[in-house]
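2 protein chains.
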Amino acid sequence: MQILISEIKYWMTEAGEMIKTALFDDALTVDTKSERKDLVTNVDKIVQTYFAQKILAFDPKAKILGEENGQDHLNKWNGRVFIIDPIDGTMNFVLERENFCIMLAVYEEGQGILGFIYDVIKGQLLWGGRDIGVFLNEERVPQPANVSLKDGLLGMNAAMYARNSHNAQIMGDRAMGVRMSGCAGLELMGMALGRRVGYVSNLAPWDYAAGGVLIEALGMKMSHITGRKLKLDGRERFLAGTPSAYEEMLALSQQNDD
Amino acid sequence: MQILISEIKYWMTEAGEMIKTALFDDALTVDTKSERKDLVTNVDKIVQTYFAQKILAFDPKAKILGEENGQDHLNKWNGRVFIIDPIDGTMNFVLERENFCIMLAVYEEGQGILGFIYDVIKGQLLWGGRDIGVFLNEERVPQPANVSLKDGLLGMNAAMYARNSHNAQIMGDRAMGVRMSGCAGLELMGMALGRRVGYVSNLAPWDYAAGGVLIEALGMKMSHITGRKLKLDGRERFLAGTPSAYEEMLALSQQNDD
Numbered sequence: 049m050q051i052l053i054s055e056i057k058y059w060m061t062e063a064g065e066m067i068k069t070a071l072f073d074d075a076l077t078v079d080t081k082s083e084r085k086d087l088v089t090n091v092d093k094i095v096q097t098y099f100a101q102k103i104l105a106f107d108p109k110a111k112i113l114g115e116e117n118g119q120d121h122l123n124k125w126n127g128r129v130f131i132i133d134p135i136d137g138t139m140n141f142v143l144e145r146e147n148f149c150i151m152l153a154v155y156e157e158g159q160g161i162l163g164f165i166y167d168v169i170k171g172q173l174l175w176g177g178r179d180i181g182v183f184l185n186e187e188r189v190p191q192p193a194n195v196s197l198k199d200g201l202l203g204m205n206a207a208m209y210a211r212n213s214h215n216a217q218i219m220g221d222r223a224m225g226v227r228m229s230g231c232a233g234l235e236l237m238g239m240a241l242g243r244r245v246g247y248v249s250n251l252a253p254w255d256y257a258a259g260g261v262l263i264e265a266l267g268m269k270m271s272h273i274t275g276r277k278l279k280l281d282g283r284e285r286f287l288a289g290t291p292s293a294y295e296e297m298l299a300l301s302q303q304n305d306d
Numbered sequence: 049m050q051i052l053i054s055e056i057k058y059w060m061t062e063a064g065e066m067i068k069t070a071l072f073d074d075a076l077t078v079d080t081k082s083e084r085k086d087l088v089t090n091v092d093k094i095v096q097t098y099f100a101q102k103i104l105a106f107d108p109k110a111k112i113l114g115e116e117n118g119q120d121h122l123n124k125w126n127g128r129v130f131i132i133d134p135i136d137g138t139m140n141f142v143l144e145r146e147n148f149c150i151m152l153a154v155y156e157e158g159q160g161i162l163g164f165i166y167d168v169i170k171g172q173l174l175w176g177g178r179d180i181g182v183f184l185n186e187e188r189v190p191q192p193a194n195v196s197l198k199d200g201l202l203g204m205n206a207a208m209y210a211r212n213s214h215n216a217q218i219m220g221d222r223a224m225g226v227r228m229s230g231c232a233g234l235e236l237m238g239m240a241l242g243r244r245v246g247y248v249s250n251l252a253p254w255d256y257a258a259g260g261v262l263i264e265a266l267g268m269k270m271s272h273i274t275g276r277k278l279k280l281d282g283r284e285r286f287l288a289g290t291p292s293a294y295e296e297m298l299a300l301s302q303q304n305d306d
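Line by line, the protein sequences give chains G and P.
Sequential numbering from 49 applies to the first sequence in the numbering used here.
Sequential numbering from 49 applies to the second sequence in the numbering used here.
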């Protein structure tokens with residue numbers, strides 16, 4: 049496990065340097081995928097390929113699930129699976145040049161073992177797992193207090209908030225405030241660091257796999273917004289929170305099911 | 049003018065150190081004002097008092113308009129007026145310990161002359177005015193491109209977005225994405241740095257005075273959301289954008305007036 053962790057940290061750091069170099073050289077090529085707001089850059093693809101090569105050199109039997117390069121679905125979750133988002137928050141990467149992250153999760157026999165979220169611009173790597181605890185760079189992250197919804201900031205998906213899906217607006221009204229950052233990984237990092245009471249969104253597996261391992265290791269909860277287990281397959285309405293905020297939002301979500 | 053600018057930069061830096069020390073010492077006392085989400089801390093009040101003392105020592109005839117300590121209204125705008133927000137984004141200050149700023153604007157005979165926005169945690173001071181240009185620390189900020197609404201990120205107020213006030217949801221749909229940071233000063237700094245195409249909110253004078261001077265100096269536009277001039281008196285529905293995005297949002301805002 050220690051060797052695996054050290055390898056992944058090295059890959060994250062090297063991938064971060066590749067991304068910073070591309071930003072510094074102003075060498076981004078931006079394309080769209082499913083629609084005009086669904087962006088991908090040459091850098092997303094290069095970083096995904098970099099991780100795939102490193103992973104398969106380290107563990108030739110491993111499976112890879114990732115946002116780019118067509119590895120976006122898995123039928124069998126046996127053995128070791130690496131779930132990668134080479135750049136989470138690609139729109140922020142292109143338009144803000146900050147507020148994005150690299151994410152990697154390790155699953156074994158269908159269970160999340162390790163999670164890594166790297167805020168490249170801030171130089172902050174959040175990593176850990178259920179059996180080892182959670183660290184920000186090399187400092188142990190304490191378990192956040194079980195803050196109630198009314199006392200914290202709630203990360204939110206814009207479309208769900210606009211449509212009041214699953215009473216998302218009521219959740220936001222009850223919270224101290226609503227925040228939209230455009231980066232799932234940084235919302236989940238915010239939860240781990242006690243800056244968010246929860247997060248409501250519509251996410252693909254690579255958007256929540258790494259953060260999910262980390263927040264669950266810190267005693268926080270996540271599921272499909274209806275309370276069922278997440279399927280790690282395609283986009284799902286996602287709900288996460290401190291135990292208190294999660295229960296309050298889950299009850300609200302079930303009063304309205306659009 | 050150069051002496052005034054140097055003085056203000058010194059005050060901003062010293063106030064920033066006071067704020068960082070309070071965070072480091074964990075010495076925050078939080079109270080509410082008009083309602084449970086309207087926070088003020090001991091640090092907001094101390095910093096406001098600090099600025100008032102420095103300003104009146106420098107210019108005994110100056111008037112002060114600010115968020116805290118009851119100096120929140122002015123009848124006459126003749127002479128020199130300093131407009132202060134000691135901590136903009138107090139909720140972020142309390143709950144995130146980042147994503148807040150200090151703001152100061154100088155008005156003379158009713159005209160905005162200088163603006164200063166200091167992101168204390170990032171160590172970024174954006175400052176300048178119509179006659180001198182705009183700088184980030186000591187580096188000149190270029191005029192942002194006239195990006196159209198569809199190609200940029202739009203800063204947004206949660207309540208206006210939830211209620212679709214003035215077609216705020218349609219503005220958000222047309223933009224590349226919606227962002228809610230909880231800090232007006234950082235939204236306007238984002239516009240100045242080309243990271244936002246516009247900003248829609250409900251703001252008091254100290255929320256937009258400094259940023260308004262800076263974005264107008266960079267060729268961007270702002271007004272009441274109906275297009276009339278801002279009154280610098282009480283909360284107003286606020287619209288700002290690149291010339292292209294501003295015109296598109298102004299037209300949308302007038303199709304629906306809640």
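The C-beta atom is built at its ideal place from N, Cα and C for all residues, glycine as well.
- Straight through space, the alpha carbons of P/Pro108 and G/Ala207 are spaced by roughly 51 angstroms.
- Taking 8 angstroms as the threshold, the shortest C-beta distance from G/Ser229 to chain P falls below it.
- Exclusion of the five residues before and after G/Leu280 leaves Pro253 as the residues of its chain whose Cβ lies within less than 6 angstroms of its Cβ.
- Within the segment 216-227 of chain G, those residues whose Cβ lies closer than 7 angstroms to any Cβ of chain P are, in chain order, Gln217, Gly220, Met224, Gly225, Val226, Arg227.
- Look at the segment 127-197 of chain P and you find these whole runs of beta strand (DSSP E), each 3 residues long or longer: 128-136, 149-156, 159-167, 172-177, 181-184.
- For G/Val226, the uninterrupted beta strand (DSSP E) run begins and ends at 225-227, by DSSP.
- Against chain P, the CB of G/Arg128 has no partner CB under 8 angstroms away; the residue lies outside that interface.
- The Cβ atoms of G/Gly163 and G/Asp133 lie no closer than 8 angstroms to each other.
- Counting C-beta atoms within 10 angstroms of its own C-beta, P/Phe72 has fewer than 16 neighbours from the protein chains shown and is therefore classed as exposed.
- In the displayed model, P/Lys279 falls within coil according to three-state DSSP, outside both helix and strand.
- Annotation for G/Thr274: no alpha helix (DSSP H) segment contains it, and DSSP assigns it neither H nor E.
- Taking a C-beta distance under 8 angstroms as the contact criterion, G/Val248 and G/Leu202 qualify as a contact pair.
- The shortest CA-to-CA distance from P/Gly238 to any of P/Tyr98, P/Val88, P/Leu266, P/Phe141 is the one to P/Leu266.
- Here the alpha carbon of P/Met297 sits roughly 20 angstroms from the alpha carbon of P/Gly233.
- Per DSSP, P/Ser249 lies in no alpha helix (DSSP H); the unbroken beta strand (DSSP E) holding it starts and ends at 246-251.
- Within 10 angstroms of the beta-carbon of G/Tyr294 lie 16 or more other beta-carbons, which makes it buried.
- Between G/Ala257 and G/Met270, the C-beta gap is not smaller than 8 angstroms, which leaves the two residues out of contact.
- Note that the C-beta distance between G/Gln101 and G/Ile112 is not below 8 angstroms.
- G/Leu184 and G/Ala240 have their C-alpha atoms roughly 10 angstroms apart.
- At least one CB of chain G lies nearer than 8 angstroms to the CB of P/Arg243.
- In terms of beta-carbon proximity, G/Met297 stays away from the interface with chain P, with every pair separated by 8 angstroms or more.
- With contacts defined as CB atoms closer than 8 angstroms, G/Val95 and G/Leu87 fail to qualify as a contacting pair.
- What G/Tyr256 touches in chain P, judged by beta-carbon distance under 9 angstroms, is nothing: the nearest beta carbon there is about 19 angstroms away.
- Sequence-distant Cβ neighbours of G/Leu251 in its own chain, meaning closer than 8 angstroms and more than five residues away, are Ala232, Arg283, Glu284, Phe286.
- Taking C-alpha positions only, P/Met66 is separated from P/Thr80 by approximately 22 angstroms.
- Chain-ordered, the chain G residues with CB closer than 9 angstroms to the CB of P/Met139 read Leu201, Met224, Gly225.
- Nearest in C-alpha terms to P/Phe141, of all of G/Met151, G/Ile51, G/Ser213, G/Met224, is G/Met224.
- From the listed residues P/Lys57, P/Ser82, P/Gln217, the smallest Cα separation to P/Leu152 is found for P/Lys57.
- Minimum Cα-Cα distance from G/Ser292 among the listed residues G/Val129, G/Gly260, G/Asp199 corresponds to G/Asp199.
- Secondary structure at G/Glu284: strand, using DSSP grouped into helix, strand and coil.
- In the same chain as P/Gln191, and ignoring 5 residues on each side of it, the C-beta atoms closer than 8 angstroms to its own belong to Leu266, Gly267, in chain order.
- The residues Thr290, Pro291, Ser292, in chain order, have a CB closer than 7 angstroms to that of G/Asn194 in the same chain once the five nearest residues on each side in sequence are set aside.
- Chain-ordered listing is empty here: chain G has no CB closer than 9 angstroms to the CB of P/Ala293, the nearest sitting near 13 angstroms.
- P/Leu104 is not a Cβ neighbour of P/Ile165, given a cutoff of 8 angstroms.
- In the DSSP assignment, G/Asp92 falls within the unbroken alpha helix (DSSP H) covering 90-106.
- By DSSP's assignment, G/Asp79 forms a beta bridge with G/Val88.
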